[in-house]
Amino acid sequence: MRRAYEQVILNKGSGGVDGIELPAFKAQVEQEWPLVRQKIQEGRYEPKPVRRVAIPKPGGGLRMLGIPTLMDRMIQQAIGQVLMEEYDSTFSKSSYGFRPGRNAHQAILQAKQYMNQGYNHVVDIDLEKFFDRVNHDCLLNLLSQRIKDKPVLKLIQRYLRSGVMEGGMATVNREGTPQGGPLSPVLSNILLDKLDKELESRGHRFVRYADDLQVYVKSERSATRVLASVSCYIEKELKLVVNRTKSKVTRPWGSKLLGYSFYHRKGEIGPKIADNSIEKYKTKVREITSRSRPVAMYKRYDELRSLNRGWYNYFKLTEARDILGRLDSWVRSRLRLCYWKQWKNPRTRVQELVRLGTPEGRAYQWGNTRKGYWRTCHSPILKRALNSAFLKREGYLPLKELGTFKMFYSNVPPYTEPYVRWLEGTVQEIILHLLLNYSTSRNVLPGSELI
Numbered sequence: 294m295r296r297a298y299e300q301v302i303l304n305k306g307s308g309g310v311d312g313i314e315l316p317a318f319k320a321q322v323e324q325e326w327p328l329v330r331q332k333i334q335e336g337r338y339e340p341k342p343v344r345r346v347a348i349p350k351p352g353g354g355l356r357m358l359g360i361p362t363l364m365d366r367m368i369q370q371a372i373g374q375v376l377m378e379e380y381d382s383t384f385s386k387s388s389y390g391f392r393p394g395r396n397a398h399q400a401i402l403q404a405k406q407y408m409n410q411g412y413n414h415v416v417d418i419d420l421e422k423f424f425d426r427v428n429h430d431c432l433l434n435l436l437s438q439r440i441k442d443k444p445v446l447k448l449i450q451r452y453l454r455s456g457v458m459e460g461g462m463a464t465v466n467r468e469g470t471p472q473g474g475p476l477s478p479v480l481s482n483i484l485l486d487k488l489d490k491e492l493e494s495r496g497h498r499f500v501r502y503a504d505d506l507q508v509y510v511k512s513e514r515s516a517t518r519v520l521a522s523v524s525c526y527i528e529k530e531l532k533l534v535v536n537r538t539k540s541k542v543t544r545p546w547g548s549k550l551l552g553y554s555f556y557h558r559k560g561e562i563g564p565k566i567a568d569n570s571i572e573k574y575k576t577k578v579r580e581i582t583s584r585s586r587p588v589a590m591y592k593r594y595d596e597l598r599s600l601n602r603g604w605y606n607y608f609k610l611t612e613a614r615d616i617l618g619r620l621d622s623w624v625r626s627r628l629r630l631c632y633w634k635q636w637k638n639p640r641t642r643v644q645e646l647v648r649l650g651t652p653e654g655r656a657y658q659w660g661n662t663r664k665g666y667w668r669t670c671h672s673p674i675l676k677r678a679l680n681s682a683f684l685k686r687e688g689y690l691p692l693k694e695l696g697t698f699k700m701f702y703s704n705v706p707p708y709t710e711p712y713v714r715w716l717e718g719t720v721q722e723i724i725l726h727l728l729l730n731y732s733t734s735r736n737v738l739p740g741s742e743l744i
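According to the working numbering, the residues represented by the sequence shown are 294 to 744, in order.
Rendered as structure tokens:
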């Protein structure tokens with residue numbers, strides 16, 4: 294339970310329907326945990342309803358999350374830890390989601406390997422609202438085959454049916470595992486492991502990450518047959534719903550997996566950044582660099598550095614320097630737009646342009662221009678004044694420079710031990726620091742880097 298408590302603190306996050314937030318959680322545990330533990334042991338503990346939160350989905354629409362109270366989150370975390378220790382060693386090697394030592398990169402690399410081995414017809418199966426449609430009876434039946442502790446099973450059942458608080462009214466869940474709690478991922482893997490075992494018994498090559506499933510076969514005819522038979526199995530045995538509209542048979546270059554798509558070049562198939570992932574990145578940059586957002590530039594740079602590091606680290610399996618370069622150029626235009634808006638009136642704009650090395654006549658002409666913001670940001674004058682060297686000195690971390698590090702870790706397996714990944718990240722930061730110091734220490738005149 295101590296480990297579960299520490300994990301809840303580490304994960305941060307907001308509180309549930311009881312209004313208890315992290316700063317007050319330690320005191321709550323010290324005061325209430327003895328009684329809560331006694332109720333759990335006696336089978337009398339009743340979880341509180343989850344707090345409903347809606348977040349936008351990448352493809353449009355909303356994803357509904359259920360946020361448990363911090364106390365329930367700690368208990369769920371403890372149950373999840375025990376279940377993971379019991380089940381993880383028996384899970385399929387083709388399952389990569391929500392498991393220790395496994396990640397999305399391994400799933401993408403395995404998919405690439407299957408495709409290049411000739412299994413280049415993809416059966417893409419979409420489970421409709423999977424987390425909302427999990428059948429409680431089916432899941433509890435699977436759990437009872439391994440878990441013989443009835444109080445634990447009863448507590449899991451109560452968490453499944455704990456309900457949702459909306460508008461002051463609690464509604465009981467009849468199906469589904471609310472996304473947002475630490476118990477939901479491991480329960481989803483336990484349920485879908487039955488599907489994994491079925492696919493293995495049929496001899497299929499497949500990759501599953503949570504409810505994202507792709508099966509790889511050698512012909513279109515086989516793929517069509519597999520789509521029909523696997524969909525039938527899912528609906529009959531697991532009581533889930535297959536989205537017939539989104540599920541399809543396709544080729545690698547027409548498929549998407551975990552934000553990646555695939556290219557076919559010179560007889561080889563490899564991962565690339567999916568178009569919708571690029572659009573999601575641009576949407577986030579637009580939010581950070583919004584003209585209507587009153588925030589200091591250094592905060593924008595902090596957010597962009599965090600975004601770029603995370604985004605590049607996720608998509609570093611690809612050879613995408615051209616794409617990264619184009620994105621960097623677009624982000625720099627967005628940053629110029631922020632400065633232009635920040636300078637506000639013509640007098641300030643003229644002064645700033647002159648300060649950055651623009652001749653007074655040209656500075657006066659552009660400082661008083663009536664051209665729109667976006668058009669002005671693409672002008673040669675602003676590109677010279679606010680060039681890439683200036684923006685880097687101010688704090689912008691280009692995606693393309695992060696790409697410099699690919700040579701250092703492209704051959705490091707994604708399943709290496711945590712200390713290896715820590716060392717890799719530390720070396721990456723040191724090299725980045727040296728490169729930035731080198732580039733900013735050079736005497737770069739305004740206008741020497743037009744991008």
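Where is the CB? At the ideal position from N, CA and C, for every residue including glycine.
Nearest CA to the CA of residue i: which residue from the options?
i      : options                        : result
Ile581 : Lys565, Asn601, Ser570, Gly563 : Asn601
Arg598 : Ala317, Lys386, Leu695         : Leu695
Tyr384 : Val427, Glu491, Met367         : Checking the sequence, you will find Phe at residue 384 rather than Tyr. Comparing Cα positions, the closest option is Glu491.
Ser570 : Arg544, Ala404, Trp604         : Trp604
Gly618 : Ser681, Tyr632, Thr651         : Ser681
Gly688 : Gly306, Glu596, Gln374         : Glu596
Gly474 : Gln321, Leu610, Gln374         : Gln374
Arg514 : Lys532, Glu493, Thr543         : Thr543
Val457 : Gly309, Tyr298, Leu448, Thr538 : Gly309
Gln438 : Tyr380, Leu488, Trp633         : Tyr380
Arg330 : Gln300, Met462, Leu448         : Leu448
Thr576 : Glu299, Lys664, Leu620         : Leu620
Lys573 : Val643, Thr470, Gly552         : Gly552
Arg454 : Asp442, Arg467, Pro444, Ala463 : Arg467
Met377 : Pro393, Glu530, Gln472, Lys386 : Pro393
Arg640 : Leu630, Gly660, Gln324, Lys634 : Gly660
Thr651 : Lys676, Thr662, Val588, Tyr591 : Lys676
Tyr607 : Leu402, Lys319, Met364, Lys559 : Leu402
Pro444 : Pro349, Gln324, Lys332         : Lys332
Please report the Cβ distance between residue i and residue j, rounded to the nearest whole angstrom; I am assuming they are in contact, meaning their Cβ atoms lie under 8 Å.
i      : j      : result
Val416 : Val510 : 7 Å
Ile372 : Leu435 : 15 Å between Cβ atoms; not a contact.
Tyr407 : Arg295 : Wrong, their Cβ atoms sit about 42 Å apart, outside the cutoff.
Arg344 : Met357 : Contact flag wrong, Cβ pair sits at about 11 Å.
Ile674 : Arg655 : 6 Å
Leu520 : Lys487 : That pair is no contact at about 19 Å.
His414 : Ser307 : Actually they do not touch by this definition, with Cβ atoms about 44 Å apart.
Gln369 : Tyr452 : 6 Å
On the three-state DSSP scale, how would you describe residue i?
i      : result
Arg495 : coil
Lys541 : strand
Ile562 : strand
Gln321 : helix
Met357 : strand
Val457 : strand
Asp505 : strand
Asp417 : strand
Ala613 : coil
Gln410 : coil
Gly474 : strand
Arg514 : helix
Val427 : coil
Thr576 : helix
Ser388 : strand
Lys305 : coil
Val463 : The amino acid occupying residue 463 in the given sequence is Ala; Val does not appear at that position. The answer is strand: DSSP assigns Ala463 an E or B state.
Val624 : helix
Ala297 : helix
Val253 : Here the chain comprises residues numbered 294 to 744, so residue 253 is not present and cannot be evaluated.
Val310 : coil
Val535 : strand
Val588 : coil
Tell me which same chain residues have a C-beta within less than 8 Å of the C-beta of residue i, skipping the five on either side of it?
i      : result
Arg579 : Arg627
Val450 : Checking the sequence shown, residue 450 turns out to be Gln, not Val. Closer than 8 Å at Cβ, skipping near neighbours: His429, Leu433.
Asn536 : Asp419, Leu420, Glu421
Please return the same chain residues whose Cβ sits closer than 7 Å to the Cβ of residue i, not counting the five positions on each side in sequence.
i      : result
Phe391 : Pro478, Val479, Asn482, Ala503
Asp311 : Lys341, Thr362
Lys693 : Arg614, Leu617, Gly618, Asp621
Gly547 : none
Glu710 : Low confidence applies here, because Glu710 scores a pLDDT of 43, under 50, leaving its location unreliable and the question unanswered by this model.
Where DSSP assigns a beta bridge to residue i, which residues make up the other side?
i      : result
Leu550 : Tyr553
Arg344 : Ile360, Met458
Pro349 : Leu355
Val500 : Gln507
Quick one: residues in its chain with C-beta nearer than 6 Å to the C-beta of residue i, no 5 flanking neighbours on either side, listed in chain order?
i      : result
Asn704 : Caution is warranted here: a pLDDT of 40 is assigned to Asn704, below 50, making its placement in the model unreliable, and no coordinate value can be reported.
Tyr298 : Met367
Examine the ligand ADP and report whether any of its heavy atoms sits within less than 7 Å of the Cβ of residue i.
i      : result
Val535 : Annotation note on the ligand ADP: not contained in the displayed structure, which lists no ligands.
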